[in-house]
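*Asks:*
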Amino acid sequence: MIKKYYLLSPGPTPVPEETLAAAAVPIIHHRTSEFSDILMETVEGLKYVFQTEHDVFILTSSGTGAMELAVTNTLCPGDKVITLNAGKFGERWGHICRAYGVDVREIVLEWGEPFTKEQLADELRANPETKAFFSILSETSTGTVYDIQGYGEVLAQSDAILVVDGISGIGATPCPMDEWKVDIIVAGSQKSFMIPPGLAYIAFSPKAWNLVEKSTMPKFYFDAKKYKKSLGKRTTPYTPAVSLIIQQKKSLDIIKAMGLEKLFEHHRILGDTTRAAVHAIGLELLSKIPGNIVTAVKVPAGVDGLKIVKTMQGKYMAYIAGAQDPHKGEFFRIAHLGYMGGFDVITALAALEMTLAELGFDFETGKGIKAAEEILKENWE
Ligand SMILES: *Cc1c(COP(=O)(O)O)cnc(C)c1O
């Protein structure tokens, strides 16, 4: 058989054909009005997806670069912050902060557990010197979506800023930056933005920018003031990733044509489809509050979790994701974000059923697919 490659991971994600083709053009110089027009249109598109009136800066880096910029541009060494460690990526906020000498109070949750705005309010009361709360919108390592709206309400009543890692969530699940009073959002190009890896995005509220003005943390390449000054002149401080920005403009055209509400609804349908199939097969979700970006599924007793991922990837070329350390082998993750359609989910589920059958799990083959088809049929328009 032709071994076709199916990218079903929560980043990188598939790229639309017309976006792939958009990069197959001669490189234009970045200090030209032609490129400035493309850059500014891309920024406008990003503002639409972030649902903000504020500037969105484009960095040539993966998402983590924007996370680092958020830390080094708002804080001073010794500042006190709270981070939400509810998985691999929330944990990263703590790592970055500590690398820069920030005093971190880390809230460590079991993977997949919720964290309420009331709990956050208690934390802030107990730690009144907190300058920032670092959260995640969609914790990609567990498939959990957090209550950013609630955190925004709580933090708006304090001097602390709300910093959100929206790298996999923005563009797939609601998080209107201005309405929800988010002070900083970071995002990455290879998740729901439908282009290859290589760009990161970041936006600041006026409250956050106030801290930028006062920050004494060392920085050079990732200096938000330089990005702001350059954007005012319709350009970037350093050579931008010209081809990726051209691709992003193309994918943003696709996103705008569909509309954000429809895009969120699309992800909701794919999430419901995946969850229905998983339950029909007799499996359990990891997350207590599962989002519509990626579904984390517990490995059933008696089955080798590493083998599930190895078989799906190696034999069927269905590139779902395993669980990350320290939970390797305990669950696996089926992504449904970005440029994925209903039949991409069916592909993942069919490969999963064939794999589970092969590994001796006792279930009725086809039951998951049937449940998935029902949800897709009900919602297809
Ligand atoms: C993918 C991801 C990251 C890491 O982004 P990189 O682009 O690999 O640096 C961080 N946070 C979340 C929530 C992610 O999904």
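Quick note: the sequence shown, position 325, residue 478 per the numbering used here, numbers continuous.
Just so you know, even glycine gets a beta-carbon here, dropped at the ideal spot from N, CA and C.
Between which residues of its own chain and residue 270 is the CB-CB distance below 7 Å, once the five residues before and five after are set aside?
*Replies:* Here residue 270 corresponds to residue number 117 of the sequence shown, with the count starting at 1. Within the same chain, residue 270 has close Cβ partners 300, 303, 304, 306 and 307.
*Asks:* Given that a residue counts as buried once 16 or more other Cβ atoms are within 10 Å of its Cβ, and exposed if not, what is residue 393?
*Replies:* Taking the sequence shown and counting its residues from 1, the one referred to as residue 393 is at position 240. Answer is buried; the Cβ neighbour count reaches 16.
*Asks:* If contact is defined by three or more beta carbon pairs under 8 Å, each pair taking one atom from either stretch, is the segment 434-450 in contact with the segment 498-516?
*Replies:* Segments in contact, yes.
*Asks:* Assign residue 186 to buried or exposed, taking buried as 16 or more other Cβ atoms, counted over all protein chains shown, within 10 Å of its Cβ.
*Replies:* In the sequence shown, counting from the first residue as 1, residue 186 sits at position 33. Per the 10 Å Cβ criterion, exposed.
*Asks:* Among 334, 326, 361 and 363, whose alpha-carbon lies nearest the alpha-carbon of residue 345?
*Replies:* Taking the first residue of the sequence shown as position 1, residue 345 is located at position 192. Of the listed residues, the one whose Cα sits closest to residue 345 is 326.
*Asks:* Exposed or buried, residue 154, counting other C-beta atoms within 10 Å across all chains shown (16 or more means buried)?
*Replies:* Taking the sequence shown and counting its residues from 1, the one referred to as residue 154 is at position 1. That one is exposed.
*Asks:* One question on the structure: do residue 337 and residue 315 come within less than 9 Å of each other, judged by their Cβ atoms?
*Replies:* Locating residue 337 in the sequence shown gives position 184, counting from the first residue. Locating residue 315 in the sequence shown gives position 162, counting from the first residue. Yes, the Cβ-Cβ distance between residue 337 and residue 315 is below 9 Å.
*Asks:* The alpha helix (DSSP H) with residue 173 in it runs from where to where?
*Replies:* Start at 1 with the first residue of the sequence shown, and residue 173 comes out as number 20. Taken as a continuous stretch (DSSP letters only), the alpha helix (DSSP H) holding residue 173 covers 170-175.
*Asks:* Strictly by DSSP, which residues pair up with residue 238?
*Replies:* Reading the sequence shown from its first residue, position 85 is the one you call residue 238. Answer is 261, bridged to residue 238.
*Asks:* Report yes or no: do the segment 188-206 and the segment 215-226 share at least 3 C-beta pairs separated by less than 8 Å?
*Replies:* No, they do not touch.
*Asks:* Identify the continuous beta strand (DSSP E) that holds residue 486 and give its terminal residues.
*Replies:* Position 333 of the sequence shown holds residue 486. That run of the beta strand (DSSP E) goes 484-488.
*Asks:* Which same chain residues, not among the five before or five after residue 156, have their C-beta less than 6 Å away from its C-beta?
*Replies:* Locating residue 156 in the sequence shown gives position 3, counting from the first residue. So the qualifying residues of the chain are 470.
*Asks:* Among residues of its own chain, excluding the 5 on either side of residue 456, which ones have a beta-carbon nearer than 8 Å to its beta-carbon?
*Replies:* As a first step, residue 456 is located in the sequence shown; it is residue number 303 there, counting from the start. Excluding positions up to five away in sequence, the list reads 509, 512, 513 and 514.
*Asks:* Which residue wins for smallest C-alpha separation from residue 375, given the options 385, 319, 389 and 160?
*Replies:* The residue labelled residue 375 in the question sits at position 222 within the sequence shown. Checking every option, the nearest Cα to that of residue 375 belongs to 389.
*Asks:* Verify the contact flag: residue 421, CB atom, against every heavy atom of ligand 1, threshold strictly below 8 Å.
*Replies:* As a working note, residue 421 is residue 268 in the sequence shown. Checking the Cβ of residue 421 against ligand 1 gives no.
*Asks:* For a test of the three-state rule: what should DSSP assign to residue 399, helix, strand or coil?
*Replies:* Stepping through the sequence shown from its first residue, residue 399 is reached at position 246. Residue state, collapsed to three classes: helix.
*Asks:* In angstroms, rounded to a whole number, what distance separates the CA positions of residue 262 and residue 404?
*Replies:* The residue given as residue 262 occupies position 109 in the sequence shown. The residue given as residue 404 occupies position 251 in the sequence shown. Computed Cα separation, rounded: 35 Å.
*Asks:* Using a Cβ-Cβ cutoff of less than 7 Å, which residues in the same chain neighbour residue 310 once the five nearest sequence positions on both sides are dropped?
*Replies:* Here the question's residue 310 lines up with position 157 in the sequence shown. There are no such residues.
*Asks:* Just verifying my parser: in three-state terms, what is the DSSP assignment at residue 452?
*Replies:* Taking the first residue of the sequence shown as 1, we reach residue 452 at position 299. The answer is coil: DSSP assigns residue 452 none of H, G, I, E or B.
*Asks:* Can residue 287 be considered in contact with ligand 3, in the sense that its beta carbon sits closer than 8 Å to one or more heavy atoms?
*Replies:* Ligand 3 is absent from the structure shown, which contains only ligand 1.
*Asks:* Output the distance between the C-alpha atoms of residue 370 and residue 333, rounded to the nearest integer angstrom.
*Replies:* As a working mapping, residue 370 is identified with position 217 in the sequence shown. As a working mapping, residue 333 is identified with position 180 in the sequence shown. The alpha-carbon atoms of residue 370 and residue 333 are separated by roughly 28 Å.
*Asks:* If you reduce the DSSP assignment to three classes, tell me which class residue 159 lands in.
*Replies:* Numbered from its first residue, the sequence shown carries residue 159 at position 6. It is a strand residue.
*Asks:* Which residues in the same chain have their Cβ closer than 8 Å to the Cβ of residue 166, if we skip the five residues on either side of it in sequence?
*Replies:* By 1-based counting over the sequence shown, the position of residue 166 is 13. Cβ within range, chain order: 160, 343, 344, 345, 347, 488, 490, 491, 492 and 493.
*Asks:* In chain order, which continuous runs of the alpha helix (DSSP H) of length 4 or greater are located wholly inside the segment 296-341?
*Replies:* Here the runs fully enclosed are 301-309.
*Asks:* Once DSSP output is grouped into helix, strand and coil, what is the label at residue 215?
*Replies:* Counting from 1 along the sequence shown, the entry for residue 215 is found at position 62. The answer is coil: DSSP assigns residue 215 none of H, G, I, E or B.
*Asks:* Ligand 1 heavy atoms versus the CB of residue 471: any closer than 8 Å?
*Replies:* Mapped onto the sequence shown, residue 471 falls at position 318. Every heavy atom of ligand 1 is 8 Å or more from the Cβ of residue 471, so no.
*Asks:* At a cut of 8 Å, does the segment 381-388 reach the segment 222-237 through at least three beta carbon pairs?
*Replies:* Judged by Cβ distances under 8 Å, the segment 381-388 makes no contact with the segment 222-237, as fewer than three pairs qualify.
*Asks:* Kindly identify the DSSP beta-bridge partner or partners of residue 443.
*Replies:* Here residue 443 refers to the residue found at position 290 of the sequence shown. According to DSSP, residue 443 bridges with 297.
*Asks:* Reducing DSSP to helix, strand and coil, say where residue 472 ends up.
*Replies:* Locating residue 472 in the sequence shown gives position 319, where the first residue counts as 1. Residue 472: strand per DSSP, three-state reduction.
*Asks:* Could you check whether residue 461 and residue 265 sit closer than 9 Å to each other, using their CB atoms as the reference points?
*Replies:* As a working mapping, residue 265 is identified with position 112 in the sequence shown. As a working mapping, residue 461 is identified with position 308 in the sequence shown. Cβ distance not < 9 Å, so residue 265 and residue 461 don't count as in contact.
*Asks:* Where residue 355 and residue 523 are concerned, what is the direct C-alpha to C-alpha distance, given to the nearest angstrom?
*Replies:* The residue given as residue 355 occupies position 202 in the sequence shown. The residue given as residue 523 occupies position 370 in the sequence shown. Answer to the nearest angstrom: the Cα atoms are 41 Å apart.
*Asks:* Taking any heavy atom of ligand 1 as the mark, which residues have a C-beta closer than 5 Å to it, listed down the chain?
*Replies:* That query returns the following residues: 164, 215, 216, 217, 242, 293, 318, 320, 321 and 341.
*Asks:* Does the Cβ-Cβ distance between residue 237 and residue 320 come in under 9 Å?
*Replies:* Position 84 of the sequence shown holds residue 237. Position 167 of the sequence shown holds residue 320. The answer is no: Cβ separation not under 9 Å.
*Asks:* Going by alpha carbons, who is nearest to residue 216 out of 349, 233, 286 and 190?
*Replies:* The count along the sequence shown starts at 1 and reaches residue 216 at position 63. Nearest C-alpha to residue 216: 349.
*Asks:* Label residue 533 either buried or exposed according to how many other C-beta atoms from any shown protein chain fall within 10 Å of its C-beta, with 16 as the threshold for buried.
*Replies:* Taking the first residue of the sequence shown as 1, we reach residue 533 at position 380. Its Cβ having fewer than 16 others within 10 Å, residue 533 is exposed.
*Asks:* Apart from the five residues just before and just after residue 399, which ones in its own chain have a Cβ nearer than 8 Å to its Cβ?
*Replies:* Position 246 of the sequence shown, counted from the start, is the residue given in the question as residue 399. The answer, listed in chain order, is 175, 176, 178 and 191.
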